[in-house]
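Student: Residue 1 is where the sequence shown starts when you use the numbering used here, and the numbers rise one by one after that.
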Amino acid sequence: MADEPREQQTPQAEGRRAVFRVPPTALLTIPILLFCVTPAAFAAPGLQALYILPIAVIVLVAGYRTTATRQGLAVRSLFQTRELAWSDLKGLAITPKSKVQAVLNDGTKVALPSVRTRHIPVLSLVSEGAIADPSGVLDQPEKPEKEEPATEAGEKAGETVEEAPAPAEKQ
């Protein structure tokens, strides 16, 4: 195995990886924003600085992300990248807007960009159990249990045949 190229060894050594970021489709707002800013930018001298807004959107979309690996979390914001090992985490906190924060052992909270409550099972899976899955999604069996074969000709996996009530006889 030592003779194998590094590319083939890395996926097995790293394990699972999840990247939480702003969807790239958010960049579609740039042409719209440029179209809307242009009339205001030329209305008065100095308002050309409004063209900074589309550039800021590009930087925000490209910059903010949270990467989860077997080793821990990499939280990337506009000016810094912070590495958090799973052993450094006490747990996760959820804000009223369903955003997730990492709570460190010393009690400080670190915002996890683009991570929401629906992503907690993914974090649990990537962390290999270091973060518990409170939803129980990972506890469900992967394959559904086999159903018993149908006994009636009209009954098939999940279908039920009901007999219609006999019409009342007229006297």
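Even for Gly, the Cβ is constructed at its ideal location relative to N, Cα and C.
1) Output the boundary residues of the alpha helix (DSSP H) element that contains I120.
2) What residues match up with Q101 in a beta bridge as DSSP calls it?
3) Taking 8 Å as the threshold (C-beta atoms), are L92 and A102 in contact?
4) What's the C-alpha gap between H119 and V22?
5) Should R17 and T69 be called a contact, given that it needs their Cβ atoms to be closer than 8 Å?
6) Let me know the secondary structure DSSP gives A130 once reduced to three states.
7) Leaving out the 5 sequence neighbours to the left and right, which residues in its chain are closer than 6 Å to L89 when beta-carbon positions are compared?
Tutor: Straight from the coordinates:
1) Segment I120 to V126, the alpha helix (DSSP H) holding I120.
2) As DSSP reads the structure, Q101 sits in a beta bridge with A93 and A111.
3) L92 sits close to A102, with the two beta carbons spaced by under 8 Å.
4) The straight-line gap from Cα to Cα measures roughly 14 Å.
5) Yes, these two residues count as a Cβ contact at 8 Å.
6) In this structure, A130 counts as coil in the three-state DSSP scheme.
7) In its chain, beyond the 5 residues on either side, A102 have a beta carbon closer than 6 Å to the beta carbon of L89.
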